[in-house]
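Okay, so the sequence shown: first residue is 11 according to our numbering, each after it adds one. Below: one structure, written as C-alpha cells.
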Amino acid sequence: MPADGNGPAARPATPERAATPRRRRPSYAACNRASQRRSLKGGARRRFLIRCRLGYERIQPGQQPARARP
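Written as C-alpha cells, this is what we have:
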C-alpha cells in the first residue's frame, strides 16, 4: 500500500469528461416520430427505434410549422 497519505484522492480527475456534458438520449416518442417521418415499417423501424434510443442514430430536425403568436 502506498504510504503517501493521499489515498484515493491521489488519482487525477478527468477534466475531459467533466468539460463535456453528455446530452440526454432522445425519448421513445421522439424516435417514434422520426421513424414515422422516414416511413419505416417492420424490422427496419424496430432497428431504427433501438439504435435511436441508444443514441446511435441521429434525428434530423423536422420542418415544424411556425407557431402563430396569440
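For each residue, glycine too, the CB sits at the ideal point set by N, CA and C.
Residue i, buried or exposed, once every other Cβ within 10 Å from all chains shown has been counted against 16
i   : result
A39 : exposed
Through-space distance from residue j to residue i, alpha-carbon basis
i   : j   : result
I69 : C41 : 7 Å
R57 : R47 : 15 Å
Selected residue, minimal CA-CA separation from residue i, among the options
i   : options       : result
P71 : A44, R61, R33 : A44
8 Å Cβ cutoff, residue i in contact with chain D
i   : result
L50 : In the structure shown, chain D does not exist; there is a single protein chain.
Continuous alpha helix (DSSP H) stretch holding residue i: start and end
i   : result
Q70 : Unbroken run through Q70: none, as it is neither H nor E.
S37 : S37 -> no alpha helix (DSSP H), and no H or E assigned at all.
R61 : 52 to 63
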